[in-house]
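Sequences listed follow chains Y and V, in order. Take any residue in the first sequence, count from 1 to its spot, add 24: that is its number in our numbering. Take any residue in the second sequence, count from 1 to its spot, add 24: that is its number in our numbering. Note that beta-carbon positions come from the ideal geometry of N, C-alpha and C, so glycine has one too.
Number of protein chains: 2
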Amino acid sequence: MHRLSLDLGERSYPILFGRGLLRVKDVLEPYLGREGVLVVTNETVAPLYLNDVLKMLGGRKVDQLVLPDGEQYKTLDTLNLIFNTLLEKGHNRGTVLLALGGGVIGDMTGFAAACYQRGVDFIQIPTTLLAQVDSSVGGKTAVNHRLGKNMIGAFHQPKAVLIDINTLKTLPDREFKSGLAEVIKYSLIIDREFFAWLEENMQDLLARKDQALLYAVEVSCRLKAQVVSADEREGGIRAILNLGHTFGHAIETHQGYGSWLHGEAIAVGMVMAAQMSGLMGLLTSSDVGRIENLLRAAGLPVVRPENISAQQFLDLMAVDKKAQRGIIRLVLLESIGTAIVSADYDRSKLAAILELR
Amino acid sequence: MHRLSLDLGERSYPILFGRGLLRVKDVLEPYLGREGVLVVTNETVAPLYLNDVLKMLGGRKVDQLVLPDGEQYKTLDTLNLIFNTLLEKGHNRGTVLLALGGGVIGDMTGFAAACYQRGVDFIQIPTTLLAQVDSSVGGKTAVNHRLGKNMIGAFHQPKAVLIDINTLKTLPDREFKSGLAEVIKYSLIIDREFFAWLEENMQDLLARKDQALLYAVEVSCRLKAQVVSADEREGGIRAILNLGHTFGHAIETHQGYGSWLHGEAIAVGMVMAAQMSGLMGLLTSSDVGRIENLLRAAGLPVVRPENISAQQFLDLMAVDKKAQRGIIRLVLLESIGTAIVSADYDRSKLAAILELR
Chain Y
25 MHRLSLDLGE RSYPILFGRG LLRVKDVLEP YLGREGVLVV TNETVAPLYL NDVLKMLGGR
85 KVDQLVLPDG EQYKTLDTLN LIFNTLLEKG HNRGTVLLAL GGGVIGDMTG FAAACYQRGV
145 DFIQIPTTLL AQVDSSVGGK TAVNHRLGKN MIGAFHQPKA VLIDINTLKT LPDREFKSGL
205 AEVIKYSLII DREFFAWLEE NMQDLLARKD QALLYAVEVS CRLKAQVVSA DEREGGIRAI
265 LNLGHTFGHA IETHQGYGSW LHGEAIAVGM VMAAQMSGLM GLLTSSDVGR IENLLRAAGL
325 PVVRPENISA QQFLDLMAVD KKAQRGIIRL VLLESIGTAI VSADYDRSKL AAILELR
Chain V
25 MHRLSLDLGE RSYPILFGRG LLRVKDVLEP YLGREGVLVV TNETVAPLYL NDVLKMLGGR
85 KVDQLVLPDG EQYKTLDTLN LIFNTLLEKG HNRGTVLLAL GGGVIGDMTG FAAACYQRGV
145 DFIQIPTTLL AQVDSSVGGK TAVNHRLGKN MIGAFHQPKA VLIDINTLKT LPDREFKSGL
205 AEVIKYSLII DREFFAWLEE NMQDLLARKD QALLYAVEVS CRLKAQVVSA DEREGGIRAI
265 LNLGHTFGHA IETHQGYGSW LHGEAIAVGM VMAAQMSGLM GLLTSSDVGR IENLLRAAGL
325 PVVRPENISA QQFLDLMAVD KKAQRGIIRL VLLESIGTAI VSADYDRSKL AAILELR
């Protein structure tokens, strides 16, 4: 088992990595407290891993809630199902919520933990690549609103994150590739060598070889932990983690949650951000090409859907949480491995990018 | 204008008191930021004070949302109306929410501010006595769940609290008296001299004389600020603010939100806590009598509703947020002016208190 620490003072917590960790009894014991546990999962993940987790928690008062699977259920209404279960089963402030699943389960369970009785502890057991390298680490929790993604939420750090890369073996191909988009993102914003490693090792990753998976997941978590510990509440540097997300969220919202996977939308968003960076003279066209090539090699889309007009893009991007006084702030690349956040760009160049199909 | 500071490090904020403050332009200017404002109020308060507040904010982008009035609307569904307005009107992270109304408006608006885009600023303008002396100060925000009061919420401190005691002049008598219950509570848990002052000045308070109102509101806020700054997240001492609330919440939940006012329920709850303290030999029977007399002089009920059985009380009290491993913790009085929190009491004595009608 590897162990990495996310350093946030009194809110610091460990990220535990390994193969087969879900079958290790007592690994979560230090983080469980003395009261009840509610495991929240979904109907896809439950048949695969719920029994392992229940065994791991053996002997405690454990309740479970199995939610429907899908981004379209990441709503206040589904959140209320978690509150219903907590109250019906008599859970109190000492309770620990355990999120077993992908980003949707983690974000909702974390937000429920942030709000239940004004805050209880929770633990993340991410079972998708996207959740392992991104959403389970850093304490952002939320549900969607029909007018915008992740618009209702909280910063609430977990007590621990437990990553068993064996769970990636059962992941559908399209979801696995969606997760690779975030892995590639870390390399783009902060680690040029990791980008080169990804270029070299994409075939091993796609074949889900253990060593490649462990390395990519651990490096991604380490890079994310670095950024988050420097800026927990996204006052500054943390915004670079949103490379491609302003474009990507617009695509997700426009197409309807669930039709494009998150990683697919941000893959296109990263291409758009790279093209914009190129148009502004920040990034060489050969680097723009390398970025497109790596995303394509990962099996990700690199061309935006045709049915969004430039104006629709702008409208959807203006509700982005990073926007200030109606001005859309973009995460751009100065080079592969170096990102900046800027509101100081030529509007006509952005318009040109949004017209490209 | 008087000014008191709630000292919480970087989350410190001022509580501003006075007569006619709603008509003072620019008093809120330092707390508004540079983006939009959403004023959230209800249909009772809007005709009385919304215009004053809009004038006070003159010149800015201000939206307004008028909600139905009543504890029964303090729900996730109503909360979503606030999110709808914020998103439809394009409010971003720099927006400030302004709660104009009683505790329900303040608790919901504060919780909406805690969650919208993972947290925006808010300002409290409490217009009821209960909200001025209690709910607007201290950063507790929440909505109710059908299985328990304030079960879903957050700790989120306002940027400022603006108290205009003129708003108390329009308050219905029953609501005014409900607020007095919390004023009396502060004297009971922490300030014996204030209790004596209340015994002396109850008639002036009930007549809503300016000097008496200003004094009672300011002392109450000062006492609450003391407790909150010592223990922001209710890890310890802050729990004494719940004197009477474990009993009182059980009454409110059992009777249905809105049929008993909060202060009425906790007035009875404080009598029950005083009786329990008496039965345990902590409080003299003459002090129990003084407490009952002062509450009665304030026009508050001192006898619990007949239709709750002892078992129903216990069940409802067990979901209290202060309960630990199913054990109900009680706030008790060692004397008038000194409270303790205890799980170490004789269950049969509690049963006897719950049987009393």
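Ranked by how close their Cα comes to the Cα of V:Glu276, the residues V:Gln336, V:Ser211 and V:Asp234 have V:Gln336 in first place. Along the segment 127-159 of chain V, going in chain order, the ones with a CB nearer than 9 Å to a CB of chain Y are Phe135, Ala136, Ala138, Cys139, Tyr140, Gln141, Arg142 and Gly143. Taking a beta-carbon distance threshold of 9 Å, V:Val343 counts as an interface residue toward chain Y. Residues of the segment 257-276 of chain V with a C-beta less than 7 Å from any C-beta of chain Y: none at all. The way I'd put it, the segment 349-359 of chain Y doesn't touch the segment 34-51 of chain V; fewer than three beta-carbon pairs between them come closer than 8 Å. Counting along the chain, Y:Arg314 sits inside no beta strand (DSSP E); it lies in the alpha helix (DSSP H) bounded by residues Ser309 to Ala321.
Contact between the segment 117-124 of chain V and the segment 90-100 of chain V is absent: fewer than 3 CB-CB pairs across the two stretches fall below 8 Å.
Counting only the Cα atoms, V:Glu206 lies some 12 Å from V:Val292. Note on geometry: alpha-carbon atoms of Y:Cys245 and Y:Val144 lie some 24 Å from one another.
Nearest to V:Val161 by alpha-carbon distance, out of V:Phe135, V:Arg328, V:Asp50 and V:Leu30, is V:Leu30. By the rule that beta-carbons nearer than 9 Å mark a contact, Y:Phe337 does not touch chain V. With respect to the 9 Å criterion, Y:Leu62 and Y:Leu89 are classified as neighbours on the basis of their beta carbons.
Within the same chain, and ignoring the five residues on either side of V:Leu267 in sequence, the residues whose Cβ sits closer than 7 Å to its Cβ are Lys209, Leu212, Ile213, Met294, Ala297, Val355 and Ala363.
Counting only the Cα atoms, V:Lys183 lies some 20 Å from Y:Lys345. The C-beta separation of V:Ile189 from V:Asp234 comes to about 7 Å, placing the pair in contact by the 8 Å criterion.
Boundaries of the alpha helix (DSSP H) harbouring V:Leu378: Arg371 to Glu379, taken from the DSSP string. The closest CA to that of V:Gly44, considering only V:Ile290, V:Leu238 and V:Gly305, is found on V:Leu238. Classified as buried, V:Thr152 has 16 or more neighbouring CB atoms from the shown chains inside 10 Å of its CB. DSSP, reduced to helix, strand and coil, places Y:Lys209 within a helical segment of the structure shown. A contact is defined here as three or more CB-CB pairs under 8 Å, and the segment 360-375 of chain Y fails this definition with respect to the segment 220-233 of chain V.
In this structure, the beta-carbon distance from Y:Gly114 to V:Gly259 does not fall below 9 Å. Annotated as proximal: V:Met132 and V:Leu103, with beta-carbon spacing under 9 Å.
Between Y:Leu91 and Y:Asn66 a beta carbon distance of about 5 Å is seen, short of the 8 Å cut, so the two are scored as contacting. Y:Thr165 is classed as buried because its beta carbon has at least 16 other beta carbons within 10 Å across all chains shown.
Scanning its chain for C-beta atoms nearer than 6 Å, with the 5 sequence neighbours on each side dropped, one finds around Y:Gly177 the residues Phe135, Thr165 and Ala166, in chain order. Shortest Cα-Cα distance from Y:Tyr73 to any of Y:Ala334, Y:Thr194 and Y:Gly287 involves Y:Thr194. Each residue's CA atom was taken as its position, placing V:Phe200 and V:Leu340 some 27 Å apart. Contact of V:Ile176 with chain Y by beta-carbon distance below 7 Å involves Phe107, Cys139 and Tyr140. Within chain V, the residues Arg142 have their CB atoms less than 9 Å from the CB of Y:Lys164, given in chain order. Here Y:Gly323 is near Y:Asp197, since their CB atoms are less than 9 Å apart.
Per DSSP, V:Asp339 is one residue of the alpha helix (DSSP H) stretching across Ala334 to Ala342. Setting aside the 5 residues that flank it on each side, Y:Ser283 has no residue in the same chain whose C-beta is closer than 8 Å to its C-beta. Closest in alpha carbon position to V:Asp368, among V:Pro325, V:Ala334 and V:Met300, is V:Met300. Within the segment 78-108 of chain V, the residues whose Cβ lies closer than 9 Å to some Cβ of chain Y are Leu100, Asp101, Leu103, Asn104, Phe107 and Asn108, listed in chain order. Judged by DSSP secondary structure, Y:Ser301 falls within the alpha helix (DSSP H) whose first and last residues are His286 to Leu303.
Residue-level contact by beta carbon fails for Y:Leu318 and chain V, as no gap is shorter than 9 Å.
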